[in-house]
Each structure stands twice: as C-alpha cells, then as structure tokens.
Amino acid sequence: MLDPRLFRTDLDFVTEQLKRRSFNFNPEFYVDLEVRRKAVQIKTQELQNERNSRSKAIGQAKAKGQDVQALLDEVQQFGDALKTAETELSAIQQQMEVLMEGIPNILDASVPEGKSEELNVELSRWGDVPVFDFEAKDHVDLGTQLKGIDFELGVKIASSRFVVLTGPLARLQRAIIQLMLDTHAADHGYDETYVPFLVNAQSLRGTGQLPKFEADLFKASDEPALYLIPTAEVPVTNRVRDDIIEAKDLPLKYVCHSPCFRSEAGAYGRDVRGMIRQHQFEKVELVQIVKPEDSEQAHEELTQHAENILKKLNLPYRKMLLCAGDTGFSSAKTYDLEVWLPGQGAYREISSCSNFRDFQARRLQARWRNPETGKPELVHTINGSGLAAGRTLIAVMENYQDADGNITIPEALLPYMGGLHVISSGSN
RNA sequence: GGAGAAAUGGCCGAGUGGCCGAUGGCGCACGCCUGGAAAGUGUGUAUACGGUAACGUAUCGAGGGUUCGAAUCCCUCUUUCUCCGCCA
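Taking our numbering, the leading residue of the first sequence gets -16, the next gets one more, and so forth.
This is how it looks when you write it as structure tokens:
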C-alpha cells in the first residue's frame, strides 16, 4: 500500500508515476472520496464528542442525586445522527481501503520505461556459455533417458504441471537446496527458518498477493481460510507483521526453503514442455527486513547473494533490470537473474530480487523504532529467490551434460552427493 | 475430539456500568542525590486518525449487540492454559 499522505500532498506525482505501469488511476474519483471521508469523519467525531461529554454530565448529575431526565432526552437526539454518520464513515473508509489496496507500488526512478519483458535491460553477463560438439539435449530428454524425471507419473498422481523425480536426480535437487541453505546461512549471514506452507488471508494481504491475485493461488481450506504458499516470501515476511522492531535488531535476514504452489492461471500453453513452469516447485528464498536508509544497498547485496550460488555452480547467467511493465505489483525495483539453458538456447529466469520499500510494511504494519525520532516507523522489505531449485536442477542438467546424456556433478555439489560424480543411466 | 479456566499497556497486575487510555509494580528514558556507583527520590514512558495548534476521536484478544454511557453486561468467533482421549 502507498502512503495516503502522498496522495494528499502530491496527487499529480502519484498519478504520473502510476501511468508508468499503465495503471489506470482516476484522481478525480480519489479526491471525491477523500473530501467526503474528511467531512464525514469530522462530523462523526464532533457528534461523538457531544455524546461523550453529555454522557459524562449525566454520570456526574446522577452521582449528585439530581434528576437526569432532561439530559437523557437531549442526548438521545444525537443517537440517530451519530449512528448514521458512523455507518457512512465506515462505508467510505472501506471504499478507500479497497481503492488503496489495489494500487501498485511506485517505481524507482532507475526503472526503465516499457510495457513488457522485451524492454527489460540487461545489466551484466557472467560465465561462458558452454559450447558442445554435439547437439545439446534439454532436461526433458536428459531426465527421461536417465529415468529420473517422469512427467506422466506427475499427471497420473496429480495433474499436468506436476512432476516426479527419482534417484540421483531427486538427490541432486536436494543437494542444490542444501548448498543454497548452507551458503546463505554460513557465508551470507541469513537465519535459516522453517515456516507454515499454508497461510491465512491476512498474511497474503500483507505481502500483496491478496486481494488482487487470488486466482494465482491454491486455496486449501475454506474454514479456516488457508492458502498454499506461492513463495516462502509470504510466511517469512509475515513474521514481522504488527511488530515494532528495536533498531539494534535490524537488519533481519532469513533464508527459507519451501515448496511453492502456483495455479498458473492465465499461463495456459506457456512452457508446457518440461518442468520450467510447475504447479509445485522447490525454492530457497531470501528475505531481509531493514531500515529504510539501508534498503537500496541491501537489495544490491541480496541480489549478489543469489548470484553467488550461480557462480558456485558455474552456471552462466545474466542480470536484468525489469522495466516498468514487467515489475511486480508490490515491487519498486526488481532484478531478475536469468540462467543459460542450452536445451532452449536461451536465458531463463531463475531468481527475482525485489525491493518493496515500505509498500509491504505498510500493509503488514511492520515497523521499527527509530531512535532519532523515538517513533515507530515503517521498515523496508526486500526479497529474492536464492534460487528456484527446480530450475537450478534443469540448468545443472543441461549445462553439465555430455554427448552420451550423462551429467557431471558440479564441484560445489559433490559434498552432498555421497560420492557420486556423474549421473548416468547406470548410476542408481 | 470431550470437559473446564483465561485473554487488560514492553512485562506483571488492579479494575463488574459513569470523572478509566485505564491505580500500582517492574522495565525503560531524563533529572535530583553521590567523589563514583548502588540504594533512595522526582518526572516522563501505547498506537492510529483528524487538527497549524490547543485539543478531539478510536482502540482493554476480534466482531456484533444492550445502554444516554461498556475494560466491566449479552451473543458469536479466535487464541492460550489445565485435565481426558487420539496421534508423527
């Protein structure tokens, strides 16, 4: 959610900024609502004040044993007017809430213009794209040949966009997850955390998935209302909902491995081959809760932490700055890391690192006590994948394949593979 | 799943219809006292919204209701604790 004060003081700026996202914001509608809100709120509070002071007078008169009937008659007149005003006020407030909750974050000045991903800006490349003297297979062919990836089994057990991993490839994904957790915890200073994979609506509201993006979620239960998490960002960031954090405890840095569940509504026909786009996938998520003044640097660092995993695995990648149209609803600025997939001959997203500034914090009421002012102020939140484990598995398979379809285990993963150096049809 | 008890400020805890945003204590902050410290002592110490401000309004787990007036009475829900059952 954006700062309501910004709307009151600089509506033109807000309108202009939202235009960058092609978000259709109607300032006249807002102003009309705000003017009514103010008038009705003042009126309501005046009536409440009248009632309170008269009720007090009744109490005092009663204590003195005086007759209070005249006072009672008088105060009763306020009753109806007050009730009407209160009802009207809460209706207006609710409308305002709905309006504000549906407005996306304001983009950072450095975010490039553009309506879709073609206009994302490449900032850097790392690593050498492997050159094979044979035709590179994709992970589907590799995985099928190795009898480690079974898409039909996923369909049989669940539905399309589910997969079953078996044997050394299943272990390879676990090794990837272990490497990520260990690296982020030991080298990058994150606290490992384990969280619920079902969350309530309030948590999803806090990080911005609700109310706008309910269609992207799997609802697991109506009573109580619980949803499968689309990312560990939701439960991890909601650790600090309604908290006031002491300055000395910041920054908070969490790393969390979890499965992620996405309905992929609206993605019909996209990435249907392989396990690029699944309803369920594993991911290691990085979350930082920081002082506002530190968020920009923390965002850069967190992105580097994700990059370090790609470097450890020696996977070629490029770093993209998302353009205005491709930046997520809650984000002010997002870097995507895209890994090279020889099977597709293309770079594909493997991590998305975003600075939300105070957008999530305002919805979460997540604050810190600023020693300079003594007041609770909103924190900034940052998160990113470090990395998506399923796609990392694909990247390792495709980049480390040989002419026979065997996969050499990257050095960094050897400690987690129990002595296995190569995954071949024979290794089980 | 069954039975019972409870939920008040950072923490403990008082408050059963009116002058209660809430006594008191602990903690914390700033003073006083002291050579310094401890002890003692004084003052302050929630959040949000509106207002230039004075100040006003709301909030005692959440939501609804009764009442001129609710922390206090009624209803629903949530959470916690104890006992029993079941279970990884």
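Glycine included, C-beta positions come from ideal geometry on N, C-alpha and C.
Cut-off 8 Å between Cβ atoms - residues of its own chain near residue i, not counting five sequence neighbours on either side
| i | result |
| --- | --- |
| A208 | N183, A184 and K202 |
| E96 | R3, L102, C306 and A307 |
| G188 | One detail in the question is off: residue 188 reads as Arg in this sequence, not Gly. Result list for R188: E84, P194 and R346, in chain order. |
| I41 | V51, L54, L55 and V58 |
| S246 | A198, D199, L200, F201 and H262 |
| F61 | L30, E33, R34 and R37 |
Cut-off 6 Å between Cβ atoms - residues of its own chain near residue i, not counting five sequence neighbours on either side
| i | result |
| --- | --- |
| L491 | For the chain, the structure presents residues -16 to 411; residue 491 sits outside this window and is missing. |
| E71 | V23 |
| P354 | A230 |
| Q31 | none |
| L1 | F8 |
| T149 | G131 |
| T375 | I159 |
| Y330 | R301, E321 and W323 |
Residue i - partner residues in DSSP beta bridges
| i | result |
| --- | --- |
| V322 | Y300 and R331 |
| S433 | The requested residue 433 does not occur in the structure, where the chain is confined to residues -16 to 411. |
| L211 | L181 |
| N366 | V270 and S337 |
| P359 | R352 |
| V217 | For V217, which the question treats as bridged, DSSP gives no partner whatsoever. |
| A371 | K266 |
| T391 | V405 |
| V147 | D133 |
| T317 | S337 |
| S36 | None; S36 has no bridge partner. |
| D205 | A208 |
| K236 | Q271 |
Rounded C-alpha distance that separates residue i from residue j
| i | j | result |
| --- | --- | --- |
| V104 | C306 | 7 Å |
| Q384 | A250 | 29 Å |
| G172 | N382 | 29 Å |
| A158 | R224 | 32 Å |
| D121 | A92 | 39 Å |
| I272 | L235 | 5 Å |
| N5 | F312 | For the record, residue 5 in the displayed sequence is Ser; it is not Asn. Whole-angstrom Cα-Cα distance: 12 Å. |
| I75 | F12 | 12 Å |
| T27 | A68 | 5 Å |
| H262 | L82 | 30 Å |
| A153 | G131 | 7 Å |
| R352 | P10 | 33 Å |
| V362 | Q128 | 50 Å |
| T317 | N88 | 12 Å |
| P325 | P113 | 8 Å |
| A417 | A386 | Absent from the model: residue 417. The displayed extent of the chain is -16 to 411, so no value can be given. |
| S73 | R19 | 12 Å |
| M380 | Q192 | 32 Å |
| A248 | P398 | 39 Å |
| T310 | E394 | 35 Å |
| K295 | L162 | 9 Å |
| G48 | K39 | 14 Å |
| L233 | S278 | 11 Å |
| E63 | D15 | Looking at the sequence provided, one finds Asp at residue 63 rather than Glu. Taking the straight line joining both Cα atoms gives about 25 Å. |
Local Cβ density within 10 Å of residue i, reported as buried at 16 or more and exposed below that
| i | result |
| --- | --- |
| K21 | exposed |
| P218 | buried |
| A344 | buried |
| E290 | buried |
| H404 | exposed |
| F115 | exposed |
| V270 | buried |
| E268 | buried |
| Q59 | exposed |
| Q77 | exposed |
| A141 | exposed |
| G357 | exposed |
| G369 | buried |
| L(-11) | exposed |
| K139 | exposed |
| S36 | exposed |
| P213 | buried |
| V(-3) | buried |
| S107 | exposed |
| S314 | buried |
Cβ-based neighbour list, residue i, same chain, cut-off 7 Å, excluding 5 preceding and 5 following
| i | result |
| --- | --- |
| A371 | F264, K266, I333 and S334 |
| A44 | V51 and L54 |
| E80 | none |
| T286 | Y318, C336 and G367 |
| L136 | V147 |
| F244 | F201, L211, I212, P213, H262 and Q263 |
Inset, instruction - Just list the alpha helix (DSSP H) runs in the stretch 154 to 197, keeping only unbroken ones of 4 residues or longer that don't cross its boundaries, in chain order. - result: List check, alpha helix (DSSP H) in window: 184 to 190.
Inset, instruction - With a floor of 3 residues, list each beta strand (DSSP E) that falls wholly inside the stretch 72 to 144, ordered by position along the chain. - result: As far as the stretch 72 to 144 is concerned, its whole beta strand (DSSP E) runs of at least 3 residues are 104 to 109.
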